[in-house]
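A.B. asks: Input: one structure, supplied below.
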Amino acid sequence: MAAPTSPAVASPTPPPVTTLKANDPRKNEDGTLKLGLKMATIFVGDQVEPFIIHHALITASSDYFAKALDGEFKEKEGVVRLEDQDPTTFASYTQWLYNNAVVPVGEIGEKYRAILHQYIFGNYIQDRGYSNAVIDAFICLTDKTNFYPIALTQQAWVSLPESCPLLTLLVDFWVNISHADWYRNEDGSWESGDVTQGPIEFWRRVALDLVNNPKGTKPGSYPWEINRCQYHEHKDGEPKCV
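If you read the sequence shown in my numbering, its first letter stands for residue 4, the second for the next number, and so on.
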């Protein structure tokens, strides 16, 4: 599900972790988390026991929960049901919400799938800060392992709007570091599965970028190394990453 880069290319130095000039919506002016006494009860998937989350914290971070708990059609008594979502993914979200940590576990393929699921969930609940943190974890994992999750393209494309920065990052992987092994097996046969049978919109973007950049990019100058913030989402007028 993941492909290594060409063995002739050395793994680049990981880019620095980005920080934001903008204030973290989860925090008060003194840097403490927005907690308060009011709690939100969130049922996820078919799990019987709910997650109990600080109301002020989750509504400050997520536009979805702000509308669900404080909006015109707010849920009664602070209860939200996410029947189509995965409890494990939501648990990972709560780790970031309170601890600012995105730490996928398992084998390399499991880590990439977990990160993709977290990004899809972040997009669903409209939490830009979380989605940006997941993107950073995604890039850090590729830098650390020198493996790239090319087989996730199909799932990512059908689960996210075409404007999502993660899709741009996947396109950039194919444009800048792909090689023949990504397309064909050692015996010359085509790779099976969604690696080379992905959405036509994806391949259009790859083809166009290859035409515009026929000489490719050298290690150390890849787009995600030069400017990680281009894969982040920010509100209009919000300062970019530093």
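Cβ atoms here follow ideal geometry from the backbone N, Cα and C, with glycine treated the same way.
With DSSP as the reference, identify every bridge partner of residue 47, one or two as the case may be.
C.D. replies: Paired residue(s): 85.
A.B. asks: What are the residues that DSSP puts in a beta bridge with residue 36?
C.D. replies: Answer is 30, bridged to residue 36.
A.B. asks: Please report the Cβ distance between residue 114 and residue 163, rounded to the nearest whole angstrom; I am assuming they are in contact, meaning their Cβ atoms lie under 8 Å.
C.D. replies: Incorrect: roughly 19 Å between the Cβ atoms, too far for contact.
A.B. asks: Can you pull the DSSP bridge partners for residue 93?
C.D. replies: Beta-bridge pairing links residue 93 to no other residue.
A.B. asks: Using CA coordinates, which residue listed in 129, 181, 146, 103 is at the minimum distance from residue 34?
C.D. replies: With distances taken between Cα atoms, residue 34 lies closest to 103.
A.B. asks: Alpha carbon to alpha carbon, what distance is there between residue 180 and residue 221?
C.D. replies: Roughly 9 Å between the two C-alpha positions.
A.B. asks: For a test of the three-state rule: what should DSSP assign to residue 128, helix, strand or coil?
C.D. replies: Of the three classes helix, strand and coil, the one that applies to residue 128 here is coil, per DSSP.
A.B. asks: Once DSSP output is grouped into helix, strand and coil, what is the label at residue 237?
C.D. replies: Coil, per DSSP.
A.B. asks: In angstroms, rounded to a whole number, what distance separates the CA positions of residue 53 and residue 161?
C.D. replies: Each residue's alpha carbon lies about 29 Å from the other.
A.B. asks: Buried or exposed for residue 230, please, with buried defined as at least 16 other CB atoms from any protein chain shown within 10 angstroms of its CB.
C.D. replies: Looking at its Cβ environment, which holds fewer than 16 other Cβ atoms inside 10 Å, residue 230 is exposed.
A.B. asks: Is it the case that the Cβ atoms of residue 69 and residue 58 are separated by a distance below 7 Å?
C.D. replies: Against a cut-off of 7 Å, the Cβ pair of residue 58 and residue 69 comes out as no contact.
A.B. asks: Can you tell me whether residue 223 is buried or exposed, with buried defined as 16 or more other CB within 10 angstroms of its CB?
C.D. replies: Exposed.
A.B. asks: In or out: residue 125 buried (at least 16 other Cβ within 10 Å) or exposed?
C.D. replies: Classification for residue 125: buried.
A.B. asks: In the DSSP assignment, the beta strand (DSSP E) including residue 58 goes from what residue to what residue?
C.D. replies: Premise fails: residue 58 lies in the alpha helix (DSSP H), 58-64, not in any beta strand (DSSP E).
A.B. asks: Let me confirm a value: residue 61 is counted as buried when at least 16 other C-beta atoms fall within 10 Å, else exposed. Which label applies?
C.D. replies: Buried, because 16 or more other Cβ atoms sit within 10 Å of the Cβ of residue 61.
A.B. asks: Please report the Cβ distance between residue 129 and residue 65, rounded to the nearest whole angstrom; I am assuming they are in contact, meaning their Cβ atoms lie under 8 Å.
C.D. replies: About 6 Å separates the two Cβ atoms, so the contact holds.
A.B. asks: For the ligand SAM, any of its heavy atoms closer than 6 Å to the Cβ of residue 42?
C.D. replies: Absence of the ligand SAM is noted for the structure shown, with no ligands found whatsoever.
A.B. asks: Note down, in chain order, each residue of its chain lying with its Cβ closer than 6 Å to the Cβ of residue 177, except the 5 sequence neighbours on either side.
C.D. replies: Around residue 177: 209.
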